[in-house]
Structures are given as C-alpha cells and as structure tokens.
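Have a look at the structure below before the remarks.
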Amino acid sequence: MRYAMAVDTRKCVGCSDCVVACQTENNVPIGFCRDWVVEVIDGTYPQLEIELRSERCNHCDNAPCVRCCPTGASHIVEGGVVLVKPNKCIGCGACIASCPYDARFPHPKGYVDKCTFCIHRVREGMKPACVAVCPTKCMYFGDLEDPNSDVSVVLKKRKYKTLIPEAGTKPQLYFLI
Amino acid sequence: MATRRQFIRISAMGAGAVAAGAAGIRLFGSALTDGQKATVAALTGRTPTYCEVCFWKCAGWVYKDEKGTIQKIIGNSEDLNCNGRLCPRGTGGVGMYHDEDRLRTPLIRTEERGKQSFREATWEEAFDYIAEKIKVISAEYGPECLALFTHGSGGKYFSTLLHALGSPHVAAPSYAQCRGPREVAFQATFGETIESPERTDIRDTRCLVLIGSHIGENMHNGQVQEMSDAIDKGATIITVDPRYSTAAGKSKYWLPIKPATDLALLLAWINVIITEELYDKPYVEKYTYGFEYLKEHVRNMTPEWAYGITTIDPTVIRETAREMANAAPAVIVHPGRHVTWYGDDTQRIRAVAILNALLGSWGRRGGFFRPEVFELPEPPHPAYPTPTRSWRTEFPDLYKMADAVLANGLCDATIPDPSRHCQFQGWIVNGTNLIETLPNQANTIAAIQALQLLVVIDTMPMEITGWADVVLPECTYLERYDDLRVGPHRKPQIALRAPAAEPMYNTKPAFWMARELAKRLGVIEYFPFETMEEQLDWQLKQVGSSLEEMKKIGVKTFDRPYDDLYFAPDEDVEFYTGTGKIELYSLALEEAGYDPLPKYTRHEEPPEGYYRLNYGRAPMHTFSRTSNNPNLTDLMEENSVWVNPRVAKEWGLSTGQYVHLMNQDGKRSEFPIKVRVTERIRWDSVYMVHGFGHDQKKLRRCYGKGASDTNLITKVLVDPIMGGTGMRGNFVTFITDLNAEEVAS
C-alpha cells in the first residue's frame, strides 16, 4: 500500500478551502496550517500563465524528517504516511530544518505538527478533509498500488510533476499540469 | 429634530458584557454517548443548517466535539447548491460563532454632557424604545416613512413587520448595488430573471464566456464546482477582464479589455454572429422579436470598430465569436452577478441577453435551464394594509424599470429636501453594513443624520452599528431556526436550518425580535406562530414532511412537476414579455423612453497619474462581513492594491510597501494599503478586494487592516433605467510619502 495525493493545477482556484477544512478537522490552531496554497505567475501582461496549487507534506518515500529525528517521534505508518508522535517529540526542530517543502511547523503545545493525510479519516474509509471539501474537486487521494484508486487513475491519464524532485526525497504529492 | 449622531466605536461600552457562555448547549438529533472519543465516528451528533456567510445558502451539517463545542461544518451531499462541499467561508462559518468580538447584548445610545455612548440594555428596554419611536413616526409622518434595509434570512421577519405596519419600503442592497441591472435586462429580453443561484447550466456547457465575472474568486459555490466540471470535460472558457483573474488563468482565450468598454465588444460579437450567419436561425425565427432591427443596429459595429475602443484584436473578436457559435446552444455568455459598474449596466447586460438569444442558449442544455422553486405554504395572516405613498413618487420619471425598492433611493429620499413629501424617519437595518455597502459614504451618513430612529440588527459590531440608536444582537445562523430554504435549482429542494447550540451571550434570533416588536406595535396577528419551530413543523406537514424528518435529513429533494428542464424540440414557448417572444428589440424599454437596443457610450477615462479603481472578491471573504472571522482572517487578513510593474516603476512602488490611495475628488483612503506589484493587472487600472479597511475598533482583528474601496467610491454612475449604482467610474492615485502626508493632515 502506498498512499499518495494528486492536485490538479488546472482546476484549483486557490480558494484555500483545503486550509480551513484541515484546521477545523484537525484542530490546527488559528495562525498555523498543515496545508497552504501557492500561486505562481509567469510572463508579462498580457502573455501570462498562472499555476495555483494546494501544498502539504509530501509523505516522502525517502523522508529526511524521519531519518533525522533523534527520538523516533517522526515515523512512518501504513501506506507510507509520515506522522509525528506528539508525546515523543521534543520540539528540537531538526525535522523542520530537513524538510525541503517547509511542511512542518512548531505547534504551540511544544511538538512539531504537519499533515497526516487525515489518516484517522482514511482508516474509517473516508478521504482526507481537504480532498473531501474541495469545491473544484481538484484533489485525488488513494493507494498507488491499487490501479483503480482515484489517484492511480488520474496519474495514468494526465501529465504531472512533483516538487523539488532533485532533493531525492521521492515525494508522494503529485501536481497535474 | 434628531440630534446629530456621533459614530460610536462600540469599544466605549462597559466591559461587563453579559456572558452567558456556552453552558447550556443542547444536542439535537442523536446525542453523543459517554466515553466516545473525538474521532470522526464519534462526531455523529450533527445538526442540519444552511449557510449564512453568503447568499448561496449551501446546506450542511454542524458537528460538535465531545465537549459540545461547535467544531466543524460539512456540506450536505444531497444539496444541489453545494453537493456536499462547502466553500472556505462555509467551512470557516464556525469562526462566525466563535468570534469573541460578537455583539453580546442590546445597546441603546445615550448622551451625557455632549458625549454619546452606548449603554447595555435589556431586550424589554430596547423593544420599548423602538416601539415608542415607531409609533411616533407612524402617527406624525405615516408608516411609509419607515424603511428596512436587509441582507440575509432575518430580513423576512422585519419585512413582515414593516408591511404589517403599512410600509412597502423594504430594500436589499443586493438589487441596486449588485445584480439589479441583470434582472431587469433579462426580464426585458426573456421575460424572466436569472435569480440566485443562477440558472446557468455550466455543468454541461461547451463554452463559458465570463465578462468581468471572476468565478473562483467569487466563491459562488455551485458555479465554481460546475466550472471545474466544465474544465474536466474540455469546455472552452473565454474571459474578458482587464485583470488576469483566476478564471482568466483557466481560459483558452483571455481578452485583456480596456476597462469600461465591454459593451462595444458585446456589440461587435453580435455583429460577427449576424454577419457571418452564425446564429441559431430556427430558434431566432421561432422565438425572437426584432431581429431585423438588431441586424440594422449593429451593421457598423464591426470588430475593427470595437478594436479602437476595447484594444481587443479584431481577429480575436471573430475567433471567439465563432467558438461560441460552434458550441451553441451549449454556450453561456454569463450575465455576471455584481454588475453595477458604469451606469449603463442594464443596456450592457441586455447585449449579453441578446447574444445568448442569438446563440439559442436560453432553455437549452449547456446554456440556461428552467429552474424550479419549491412552493411552500406561508403562515396565514390578514392582508397587509395598503400603503398610501411610495418611494417611487419621489423620483418622477426616473428608474422606471426598477422592479424592487432601491436601497440608494431610500437613502437619497431620507436626506431632507423640500421637493420630497415623504422623508424617511426610521430605518431598520438587518445584516447589511450600509456604510460599506452603499457607495458615497458621505451621502449615507447625511441620510442617517436626518433619522429619528436607526435600529441595527447584526451579529458583529459592524460600522453601521456605530450609527445606530439601538443595536440588537442577533445570534449566528448556527444558533437559530430560520425559514426553510426553497431557492431555485434543477430540482425543487428544501433545506432546514436548526440550531446546533443555544445562542451565546444575550443574543436572539431575528424572528423572535420581530415578533416581540409586533406585539408592542399591535400587529401580532401577522406572526401567527409563537416560535419558528412551530411554523416550520406546520409548513412541513403541509408538504408531507415534518420538522422531525428534516432534522434527520437536512435537505429534501422533490421531483419536478414536469420534465421541462430544457425546451423540448420545437416546443411552443410563451415568453413573459409584451410580444410573448424573446425581445431582441425591447418594446418595454422603448415604451418607458429608453433605448430599445443597447448603444455603446464612451465612459470617462482616468486623468493623468490616476488609475481606474476596480474591486472584486477574494474566495475566502464575503463583502465586509467576514473580515473579522478568526478562521477566514487567518487566510487573508488585509487587502492589497494590485499595481502593474510599469506603473510601479513610474511611482517607485514595490511589493509590500504601504501607500494611501486618493480618488479624483480628493477622498483619501482612511488607512494605508499594501502594494502588490503584479503582471495580473493592466497599467490603466488598479485592483483591490472589497471589504477591508474597517474603522470600527471593536472589530479587533480587522480594524485598520487594508483600505476600503467603498471609501473611495464617491462618484456614482446611476443607471437611469433601474437606479443601479455604478461604482467603477472612480480613479485613484498614490500617496507614497506617508509621513509627510500624515504630518500635512
């Protein structure tokens, strides 16, 4: 099993609903976020291109945050999902420094926090909160090893990219272009 | 004579606000059992609601955590408005409930040694005060001198109250400050309006044309969803906007038009469609009136003619017209929503309507469907008294096609003027921050100064509350019942709003407030049910449901009485116009003394060193009402002014720098605004998101953040046809040296 997510940049309107839904689903304190939206503009008026995309932890296959964690708080569970055990985390910040995607933040309660792919929902057979709420349905989630999963199907059909592939982290967040 | 009102920043009020807290929370539906953890499965004590953060009214479920605190709101998957997916504002609706700056208790204006302030009052005191003033106004001036301005669910109850007292003056700024011209233009052409949610069949369209309509930034949920579906299906999107909007970024064609010239482009498109014979001939022949007049009218309005006006390449104009025709009838030239721009807005939208008629998209799949509204029995009550005066008589020969009361008309007719008989003496303002809603703030404040009574009902201490005599704190939509939502859609649906929690603080639902006032004013017979719960149950039982059932399902879908979502082939359609046909040439407009066919007129251009002020929406905010919402402020806490790099270079501006804006009348933004240098905007205009620059200190999160566009809209281009307030004729320049400027003032 290998969980992954694909975000369709052609449909994303950058509304940030994914951010609020994550906050209310996961009790993320106001002022912090586990996912966020990026806008990239290219060109000169009126020859322009825009890319909007919802970003979060890439749940890397080769996760530097897990390797560098001195306490084992950062760990990998089923489907390759990278999680943090708050009670084992000492808040040293090594993982924050090691993440090329800036996906982690220090939670005010003293531990490091990040996207969990809403594993608590996934285990109940639901989709992550951001995927479930998105008004443009631009996000696809599922098991890459299941050829019929939403994410497998869409990655077969469409061109995609990952972010900072040169870091060698083998990210599992795909952006449809 | 009313004493001059001082604007009260509600922060002046005593700190001892009544704190009822969240102690008495009730659970509806299945209650949580002991020992359940805060997992998803445990959050089953859900309450149905429909959203009140904007006008789309998506239905959803409110979930609470194990302590009974409202935790999240999730869309109802049965709901046609949202299909189970709320937008950021709907998801962030929890912030409206949790906002600690909410109004907490009724307030009454008092004066001590020339200093005005609010004192906390009981509901009885507040109602007695209002009822006494209303009686005096009704006796001295007539009940017609009472007006209601409203946005949102609570308005219905105050509307009943006003009509019961004998005043017809109920105005929604959503008409003359927003979509009015569209409704009048489509009414004149097709005999029917667009309504809300729009009847646009975006889901199945093959070509969507957006003119200044920024779907995706305006988060009109169903439309955003359907635009995304259309993208998936490979539909062509054509966007006309001086700004590279999000929708422009999704478009095959982006036409970066010179602002204020859209009508010329529309006429050129009509010209191409007629001269190249791309129109739907059988449709035009069978259903329309006045084609030959139209053909003659646009004869010289070629793409080359439009090029000089719009700066859009004639080949692009032709190509896009052909794209539309190729997709027809599954094409939508979108009528837009906020369309009060330049004062000739009804005529511009008439051109949109005509274009759709030529393409045969009205009544066709992928064009415009026939919406269905659920007919719900209304509570029985005696007939309303007949008013003896109307706002219309104050504006002879003006706005003859207005089919709703104009908020700006009521405002103008409140300012003392010897030529007017009925000067308004009392305003009730429900859920609309008129200071930020009506253009020309000085005019609004002049009207307010002339009032004997201003009552404001809101959940938040918006600017308008600072001008009130009495402030009535409403509980949020998550804490109350309201009327069922019956809005139009592909299938008739009803949606229930039930309270997920007891009202926090000393707040109450609008229904209760209006009824209490009705008791004191002797018109209680217009409110036959004591509670909203009783009314809902009575209504629902008439239609084969019940409150109990609706609490379980939230949304109920019914079948359409006829299978007529689209016109049947060769259907004989009787349109609700004078001719019974689609009026390309409008006899109604002609009869009222207006142009029967739209004409392009040149609009004023910005003087040297000034830029046209364009404004719009951000997907995470609604008007000025969400600016203090903790969840939504977190996503966007201030607006910025978008400036083209060329302009930035000329002025030495860089991203992140704060400037003041000053308009053509010397009106300066109250607060500085952050510059965003971006290629996404033309060099002849600037852009900002509406709803920021609050000057009410009690709105602690958003006070002083960003600038208010309304503040800079002093010039209003009024539509002579229906009275819409065109707001895009204002020009601004930059004040970059903030210190020197601050010293000078």
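These protein sequences, in sequence, are chains L and V. FYI, in the working numbering the residues of the first sequence are 1 to 177. FYI, in the working numbering the residues of the second sequence are 1001 to 1745. Note that beta-carbon positions come from the ideal geometry of N, C-alpha and C, so glycine has one too.
Would you please state the rounded distance, in angstroms, between the beta carbons of residue i and residue j? I believe it to be under 8 angstroms.
i	j	result
Val81(L)	His107(L)	With 8 angstroms as the limit, Val81(L) and His107(L) do not qualify as a contact, their Cβ atoms being about 18 angstroms apart.
Tyr160(L)	Tyr174(L)	5 angstroms
Lys16(L)	Met1620(V)	According to the sequence shown, residue 16(L) is Ser rather than Lys. Contact flag correct, Cβ pair sits at about 5 angstroms.
Val1352(V)	Pro1335(V)	5 angstroms
Asp1665(V)	Lys1715(V)	7 angstroms
Cys115(L)	Cys57(L)	4 angstroms
Asp1684(V)	Tyr1611(V)	6 angstroms
Ala21(L)	Thr169(L)	The Cβ separation is near 26 angstroms, so there is no contact.
Taking Cβ positions only, does residue i come closer than 8 angstroms to chain V?
i	result
Ile90(L)	no
Ile30(L)	yes
Asp35(L)	no
Val102(L)	Residue identity differs from the one stated: residue 102(L) is Asp in this sequence, not Val. So no, Asp102(L) is outside the interface.
Ala21(L)	yes
Cys138(L)	yes
Glu25(L)	yes
Val153(L)	no
Pro135(L)	yes
Thr44(L)	yes
Leu52(L)	yes
Could you tell me whether the Cβ of residue i comes closer than 8 angstroms to any Cβ of chain L?
i	result
Arg1682(V)	yes
Val1094(V)	yes
Lys1649(V)	no
Asn1221(V)	yes
Trp1254(V)	yes
Glu1679(V)	yes
Cys1411(V)	no
Pro1630(V)	yes
Asp1634(V)	yes
Ala1042(V)	Only weak support is given to the placement of Ala1042(V): the predicted model assigns it a pLDDT of 43, under 50, and the value that follows is read from those uncertain coordinates. Output row for Ala1042(V): interface = no.
Ser1228(V)	yes
Ile1332(V)	no
In whole angstroms, what is the alpha-carbon distance linking residue i and residue j?
i	j	result
Ala1041(V)	Gly125(L)	The predicted position of Ala1041(V) is uncertain, since its pLDDT is 38 and thus under 50; no value can be drawn from it.
Ile1553(V)	Thr1091(V)	19 angstroms
Glu1217(V)	Glu1638(V)	16 angstroms
Arg1680(V)	Arg1243(V)	6 angstroms
Leu961(V)	Pro1282(V)	The requested residue 961(V) is not part of the displayed model; chain V covers only 1001 to 1745.
Asp1262(V)	Leu1653(V)	30 angstroms
Ser1030(V)	Gln1177(V)	Because the pLDDT at Ser1030(V) is just 31, under 50, the model does not fix this residue reliably, and the value given afterwards should be weighed accordingly. Their Cα atoms are separated by approximately 43 angstroms.
Ala1498(V)	Val1543(V)	19 angstroms
Glu1198(V)	Leu83(L)	44 angstroms
Ala132(L)	Pro1088(V)	13 angstroms
His1660(V)	Val1647(V)	15 angstroms
Tyr1293(V)	Tyr1585(V)	7 angstroms
Trp1195(V)	Pro1488(V)	Rather than Trp, the amino acid found at residue 1195(V) in this sequence is Glu. Computed Cα separation, rounded: 8 angstroms.
Lys1556(V)	Ile1494(V)	5 angstroms
Trp1642(V)	Gly1155(V)	36 angstroms
Glu25(L)	His120(L)	10 angstroms
Pro1256(V)	Ile41(L)	16 angstroms
Tyr1576(V)	Trp1362(V)	14 angstroms
Pro1528(V)	Leu1165(V)	16 angstroms
Arg1046(V)	Glu1479(V)	13 angstroms
Any 3 or more C-beta pairs closer than 8 angstroms across the segment 1702–1722 of chain V and the segment 1369–1385 of chain V
no
Is it the case that the segment 1335–1343 of chain V contacts the segment 1298–1313 of chain V, given that we only count it when at least three CB pairs across the two stretches are under 8 angstroms?
no
Under 8 angstroms: do the segment 1406–1417 of chain V and the segment 1106–1114 of chain V share three or more Cβ pairs, one atom per stretch?
no
For a minimum of 4 consecutive residues, which ranges assigned as the alpha helix (DSSP H) are wholly contained in the segment 1215–1254 of chain V?
1221–1232 and 1246–1249
Which ranges would you report for the beta strand (DSSP E) in the segment 1458–1540 of chain V if only whole runs of at least 3 residues count?
1470–1473 and 1493–1495
My parser needs the alpha helix (DSSP H) runs of 4 or more residues fully inside the segment 1120–1151 of chain V; what are they?
1123–1141
Alpha helix (DSSP H) segments (min. 4 residues) lying fully within the segment 1323–1368 of chain V:
1345–1359
Residue ranges of each beta strand (DSSP E) run of no fewer than 3 residues wholly in the segment 1671–1714 of chain V, ordered along the chain?
1673–1677 and 1685–1689
Quick one: any contact between the segment 1103–1110 of chain V and the segment 1118–1129 of chain V, if contact means 3 or more CB pairs under 8 angstroms?
yes
Which ranges does the beta strand (DSSP E) cover as unbroken runs of at least 3 residues, wholly within the segment 121–170 of chain L, from first to last along the chain?
139–143
Should the segment 1675–1694 of chain V be regarded as contacting the segment 1590–1598 of chain V, the criterion being three or more beta carbon pairs within less than 8 angstroms?
no
Secondary structure, alpha helix (DSSP H): runs of 4+ residues fully inside the segment 1260–1295 of chain V
1262–1275 and 1281–1287
Taking one C-beta from the segment 1125–1144 of chain V and one from the segment 1437–1457 of chain V each time, how about it: are there three or more such pairs within less than 8 angstroms?
yes
Just to confirm the assignment: which complete alpha helix (DSSP H) runs, minimum length 4, are found wholly within the segment 1175–1204 of chain V?
1180–1190
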